[in-house]
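K.L.:
For the sequence shown, the working numbering gives the first residue as 94, with consecutive numbering after it.
First the structure, which I've put down as structure tokens, then a few questions once you've had a look.
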Amino acid sequence: MDGNGYDGYNQYAGGDDDDDDEFIGDDDDYIPDAEYRNENSRRATSTRTKTVTTTEVVELRKFRSYDKLHELFRSLGFQRKPQDVIDAMQAEHERKERIREEKNRERREQVRRNVEKFNEDQRKRKLERRMRLLAEQREREIDEQQRRRREEEEEEARRKNEL
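Quick look at the structure:
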């Protein structure tokens, strides 16, 4: 023990060994102790002044009492109070959430612009096709009129020749 009721594993001041599933925080934050008990455990920075192992962070989550948590923070050399740490974590979470929302807004705007551009291009293609079909139809009508006129002229020429 280190004088604060903490012996490095499951013994807490006033706690028992069976509370492995108790922690402070969201379910998403829970990481079982057993994964971090080895010497090569990952490191996590909790403040600017102190780096602790994730085992200690996970064990911090088990504290229900603010006083016990504050006492442990002080024993680990943290200068800020746990509420300051919690506020900093919440501020970081909110910052990340704002960034995520901004990215989503930008993506939605890009999709909207892409859809508008696609619709405009499709409208132009339909209009061009309609204009081309009308031009082709007009050419056919003109060709048909010219053919009829020639036939009529040929018919008149034959009639004149017969007379």
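Every residue, glycine too, gets a C-beta built ideally from N, C-alpha and C.
#1: Quick check on the burial criterion: 16 or more other C-beta atoms within 10 angstroms. Buried or exposed for E237?
#2: Kindly indicate which three-state DSSP category L226 falls into: helix, strand or coil?
#3: Specify the secondary structure class of L256 as computed by DSSP and reduced to three states.
#4: Quick check on DSSP: helix, strand or coil for L169?
#5: Check N133 in the structure and name its three-state DSSP category.
#6: Can you give me the C-alpha to C-alpha distance between H186 and M224, rounded to a whole angstrom?
#7: Q176 to R188, Cα distance in whole Å?
#8: Cα separation between Q203 and E194?
#9: Out of curiosity, what's the CA-to-CA distance linking E244 and N254?
P.N.:
In short, the structure shows the following:
#1: Per the 10 Å Cβ criterion, exposed.
#2: helix
#3: coil
#4: coil
#5: Caution is warranted here: a pLDDT of 42 is assigned to N133, below 50, making its placement in the model unreliable, and the coordinate value is therefore given only provisionally. N133 falls in the coil class under three-state DSSP.
#6: 56 Å
#7: 18 Å
#8: 14 Å
#9: Approximately 15 Å between the Cα atoms of the pair.
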